[in-house]
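Sequential numbering of the sequence shown, starting at 1, is according to the UniProt record's numbering.
Have a look at the structure below before the remarks.
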Amino acid sequence: MNHATGPQAADVESQYRAEFAMGTHSARHLRRVLRLYLVRSGLRDVADAAELALTELVANVVRHVPGRRCRVCFLLYPGGVRVEVADGCPELPVAVAADALGEGGRGLVIVGAVTDRWGVTPYADGRGKTVWFECGRG
């Protein structure tokens, strides 16, 4: 019988970077990649929170970034992960209390609730920003 095993934690790259034009299924695909990285690195305990937060950041790109282009980066470190979603839209996202019956507006509130830290870093030239979060740094 042939037994295939996945890479051990030491074999997993410490980062994943890609650039995409986001679409309807992008969040699902990126969640799968993120979970794979986290589980294989022994970070299963932060996977659910990181996947949910990633989904919200991708949804913001789809809704608010012209052309829906962004760069995604997963940075693994001992005990945690930092996820960055960068785009060329200068408009900075703001966490707001949404209308209870409204269709949107809760994304960054959710990110703040499920992650240890999050923030926005505008590009120095004003032509975009990186929205990021960390899980597992306590």
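Ideal Cβ placement from N, Cα and C applies to all residues, glycine included.
Applying the criterion that 16 or more other CB atoms from any shown protein chain within 10 Å of the CB defines a buried residue, is residue i buried or exposed?
i    : result
Y37  : buried
G126 : exposed
H3   : Residue placement at H3 cannot be trusted, given a pLDDT of 35 that sits under 50; what the coordinates show is reported in the next sentence. Under this definition H3 is an exposed residue.
H32  : Residue identity check: residue 32 is Arg in the sequence provided, not His. It is exposed - the Cβ of R32 has fewer than 16 other Cβ atoms within 10 Å.
Q8   : Below a pLDDT of 50, predicted positions are generally treated as unreliable, and Q8, at 42, falls in that range; the measurement from the model is reported next regardless. By the 10 Å Cβ count, Q8 comes out exposed.
T121 : exposed
Of all the options the options, which has the alpha carbon lying nearest to the alpha carbon of residue i?
i    : options              : result
V96  : G107, C89, P90, A86  : G107
G119 : H29, V72, E84, Q15   : E84
P78  : V62, C89, A59, V46   : V46
A59  : V114, L30, T115      : L30
V72  : E91, R117, A124, L34 : L34
Y123 : V61, F133, P90       : P90
K129 : R44, D48, V65        : V65
V61  : A86, E134, V114      : A86
So residue i and residue j are supposed to be a Cβ contact under 8 Å. How far apart are they, rounded?
i    : j   : result
G80  : G42 : Not confirmed; about 11 Å, so no contact.
L75  : Q15 : 5 Å
G67  : A21 : 7 Å
V131 : P93 : 6 Å
G69  : G88 : The sequence shown places Arg at residue 69, rather than the Gly named in the question. The pair is a contact, with the Cβ atoms about 7 Å apart (cut-off 8 Å).
Span of the alpha helix (DSSP H) holding residue i?
i    : result
L36  : 26-40
C68  : Residue identity differs from the one stated: residue 68 is Arg in this sequence, not Cys. Premise fails: R68 is in no alpha helix (DSSP H) and is neither H nor E.
A113 : 107-114
What first and last residue would you give for the beta strand (DSSP E) that runs through residue i?
i           : result
A18         : 15-21
residue 147 : Here the chain comprises residues numbered 1 to 138, so residue 147 is not present and cannot be evaluated.
residue 208 : As displayed, the chain neither begins before 1 nor continues past 138, which places residue 208 out of reach and without an answer.
| Does the count of Cβ pairs from the region 109-117 and the region 25-45 closer than 8 Å reach three? | no
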